[in-house]
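J.: I'd like to ask you about the structure that follows.
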Amino acid sequence: MMNPEQLRIVYIAPGALNGNNGIHIYNVARAWFERGAHTTILAHGDIEQHAKDNGGRFGELISADRPTMFADIEDRVSIVHAWTPRQNVRLPTVALTAASGWAYVVHLEDNEFELLGRHLTANGLPAEPPEAWFNVVPGLAYTHPKRMPEFLSGASGVSLITAKLGEHVPTGIPTALMHAGFDEAIAWAEPADANFRRSLGVRDDEKMVLYAGSVVPAHLADFTALSDSVAALRNAGRRIRLVQTGRAERLLSGVLHAGFLSRTDVARAMQCADVLVQPGGPDVFNEFRFPSKIPEFLASGRPTLLPASNIGAAMTDGENCLLLHNGSVTEMANAIARILDQPELAKRIGAAGREFAMKHLRWSVCAQALEPIYDRAFEQTIRNRQ
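Structure (structure tokens):
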């Protein structure tokens with residue numbers, strides 16, 4: 011294993027540092043910075059402010075919104091971590107590595123083919139857009155299906171947020187499984203704040219179900235099923251409300267849409283919840299993704315419902331979570347009712363879920379999984395420069 015103090019890692023982000031994958035990049039880079047590596051993050055938006063919002067500035071921060079020149083750093087071997095194979099990451103990675111001789115690794119976080127297909131269908135576009143579409147907005151934000159295999163084949167390794175994504179990696183390319191983590195600087199497991207709970211629109215005599223995250227077209231159907239399950243419980247006579255934080259592609263009747271909250275207020279919302287839900291079941295979309303909110307849900311110590319896929323496959327139904335096997339309205343309604351009707355079960359599942367998060371989903375643990383592919387890229391850069 012190379013000495014991190016001899017390593018320089020350039021992280022190329024597909025968006026800003028205040029988005030989900032931007033927060034992932036920030037925390038992985040910080041973990042390696044703390045181990046002694048020199049880290050450079052290339053991201054869009056107000057990168058300085060977003061870094062401060064995420065927990066503080068460290069390393070080198072460069073705006074992807076203006077021209078940038080890169081150079082070697084004395085006594086450091088440089089590698090590039092391309093965060094997704096999307097066009098706005100692949101194109102600068104190819105240009106940078108071709109000019110510098112630096113090796114690169116690629117991160118996979120979603121079923122890129124499914125994301126592209128859903129976008130094309132939703133917007134009435136052809137299943138195979140012309141080449142030029144991928145070189146302008148919005149095509150730059152998606153993966154070119156014909157360019158991705160070649161891009162991955164040239165990598166020293168590929169990091170995977172779920173093992174299932176390994177199916178998209180060409181034979182012979184090493185992989186590293188790296189789950190998402192939670193921010194340990196935030197006190198996720200504090201007692202509920204009754205006043206804050208009321209500010210969300212939940213009455214004292216109502217139970218609270220929380221979905222903490224934006225609702226976008228890719229998972230609108232799953233969220234709608236969750237909304238319908240809570241409505242079914244309410245129609246059956248239960249005093250219960252569903253709260254959603256973040257952006258909402260569509261406002262649904264009966265849902266309390268709280269909008270964007272600060273990271274600390276998201277934690278406060280989780281602390282107020284009786285049940286935390288990541289809706290959906292194992293399917294072509296959920297099998298390949300790892301929702302960023304799940305580590306935070308578990309770290310809060312509140313009982314969590316999640317699909318029996320991705321990280322759910324590593325958890326135990328009825329012990330540290332309740333697993334959803336099809337994500338239907340009936341299944342979710344029954345699971346929520348089970349938690350609400352069995353306080354001891356809820357307490358036990360919440361505590362065991364937090365224990366799982368502390369053991370497996372801290373960022374320092376997650377980032378360590380990258381050692382083998384970083385080591386391989388380190389050696390490849392040395393060979394390329396000889």
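Mapping of the sequence shown onto the working numbering: position 308 corresponds to residue 318, and the numbering continues sequentially without gaps. Cβ atoms here follow ideal geometry from the backbone N, Cα and C, with glycine treated the same way. Everything numeric in this text was worked out from a predicted model, so none of it was measured.
#1: So which of Gly191, Leu175, Phe192 has the shortest CA-CA distance to Pro184?
#2: Which residues bound the beta strand (DSSP E) around Glu70?
#3: Let's test the definition: count the other Cβ atoms within 10 Å of the Cβ of Asn394 and tell me whether it reaches 16, buried, or not, exposed.
#4: Tell me which same chain residues have a C-beta within less than 7 Å of the C-beta of Ile321, skipping the five on either side of it?
#5: With distances taken from CA atoms, which of Leu230, Ile346, Phe307 is nearest Ala132?
#6: What first and last residue would you give for the alpha helix (DSSP H) that runs through His129?
#7: If you measure between the beta carbons of His117 and Thr94, is that distance less than 8 Å?
#8: In three-state DSSP terms, what is Leu187?
#9: Assign Ile33 to one of three DSSP states: helix, strand, or coil.
#10: Distance check for Ala26 and Gly66, CA to CA, integer angstroms please.
#11: Could you give the distance in angstroms between the alpha-carbon of Met342 and the alpha-carbon of Leu333?
#12: Are Gly256 and Ser224 closer than 8 Å when you measure CB to CB?
#13: List the DSSP bridge partners of His91.
#14: Could you check which residue in Ala195, Lys217, Ala323 has the C-alpha nearest to that of Ala204?
#15: Using only the alpha-carbon positions, how far apart do Ala23 and Ala258 sit?
#16: Are the Cβ atoms of Asn54 and Ala74 separated by less than 8 Å?
#17: Leu162 lies in the alpha helix (DSSP H); which residues open and close that run?
#18: Taking the CB atoms as reference points, tell me whether Ala92 and Gly69 lie closer together than 8 Å.
#19: In whole angstroms, what separates the C-alpha of Phe298 from that of Leu17?
#20: Between which two residues does the alpha helix (DSSP H) containing Ala47 stretch?
#21: Suppose you measure from the CA of Arg207 to the CA of Arg249; what does that come to, to the nearest Å?
#22: So, using beta-carbon positions, are Val285 and Leu380 closer together than 8 Å?
#23: DSSP three-state call for Leu380: helix, strand or coil?
#24: Between which two residues does the alpha helix (DSSP H) containing Lys217 stretch?
#25: Look up His54 in the DSSP assignment and give the residues it is bridged to.
#26: Return the first residue and the last residue of the alpha helix (DSSP H) that His370 is part of.
#27: Three-state secondary structure (DSSP) at Pro317?
#28: Buried or exposed for Thr49, please, with buried defined as at least 16 other CB atoms from any protein chain shown within 10 angstroms of its CB.
#29: Look up Ile304 in the DSSP assignment and give the residues it is bridged to.
#30: What are the start and end residues of the beta strand (DSSP E) that includes Ser169?
#31: If contacts are defined as beta-carbon pairs under 8 Å, then Val115 and Ile383 qualify, I think. What distance do you get, rounded to the angstrom?
#32: Can you tell me whether Thr326 is helix, strand or coil according to DSSP?
#33: In terms of residue numbering, what span does the alpha helix (DSSP H) encompassing Arg208 cover?
#34: When you compare each of Gly337, Ser374, Ala356 to Cys331 by their alpha carbons, which one comes out closest?
#35: According to the Cβ coordinates, are Met158 and Leu220 closer than 8 Å?
#36: Does DSSP classify Arg395 as helix, strand or coil?
T.: Once the coordinates are examined:
#1: Per the Cα distances, Leu175.
#2: Counting along the chain, the beta strand (DSSP E) containing Glu70 begins and ends at 70-73.
#3: Label assigned to Asn394: exposed.
#4: Within the same chain, Ile321 has close Cβ partners His189, Phe300, Ile304.
#5: Among Leu230, Ile346, Phe307, the Cα nearest to that of Ala132 is on Leu230.
#6: Secondary structure note for His129: its alpha helix (DSSP H) is the uninterrupted segment 122-132.
#7: Contact check for His117 against Thr94 passes: the beta carbons are separated by less than 8 Å.
#8: Correct three-state label for Leu187: strand.
#9: Here DSSP, grouped into helix, strand and coil, assigns Ile33 to helix.
#10: Computed Cα separation, rounded: 15 Å.
#11: If you take the alpha carbons of Met342 and Leu333, they lie about 10 Å apart.
#12: Yes, these two residues count as a Cβ contact at 8 Å.
#13: Within the DSSP secondary-structure output, His91 pairs in a beta bridge with Tyr21, Val115.
#14: Checking every option, the nearest Cα to that of Ala204 belongs to Lys217.
#15: Distance between the alpha carbons of Ala23 and Ala258 is about 24 Å.
#16: According to the sequence shown, residue 54 is His rather than Asn. Cβ distance < 8 Å, so His54 and Ala74 count as in contact.
#17: Its alpha helix (DSSP H) spans residues 158-163.
#18: No, they are not a contact pair.
#19: Going by the C-alpha atoms only, they are around 30 Å apart.
#20: Counting along the chain, Ala47 falls outside any alpha helix (DSSP H), and DSSP gives it neither H nor E.
#21: Computed Cα separation, rounded: 15 Å.
#22: Going by C-beta atoms, Val285 is not nearer than 8 Å to Leu380.
#23: Correct three-state label for Leu380: coil.
#24: Note, Lys217: premise wrong, no alpha helix (DSSP H); beta strand (DSSP E) at 217-222.
#25: In the DSSP output, where bridge partners are listed per residue, His54 has Ala26.
#26: His370 -> alpha helix (DSSP H) spans 353-370.
#27: Note: Pro317 maps to strand in three-state DSSP.
#28: Classification for Thr49: buried.
#29: Answer by DSSP bridge pairing: none, since Ile304 is not bridged.
#30: 167-170 is the span of the beta strand (DSSP E), which, as asked, contains Ser169.
#31: About 5 Å separates the two Cβ atoms, so the contact holds.
#32: Look at Thr326 here: in three-state DSSP terms it is coil, with no helix or strand label.
#33: Per DSSP, Arg208 belongs to the alpha helix (DSSP H) from 204-209.
#34: Among Gly337, Ser374, Ala356, the Cα nearest to that of Cys331 belongs to Ala356.
#35: In this structure, Met158 lies away from Leu220, with their beta-carbon atoms at least 8 Å apart.
#36: Three-state result, Arg395: helix.
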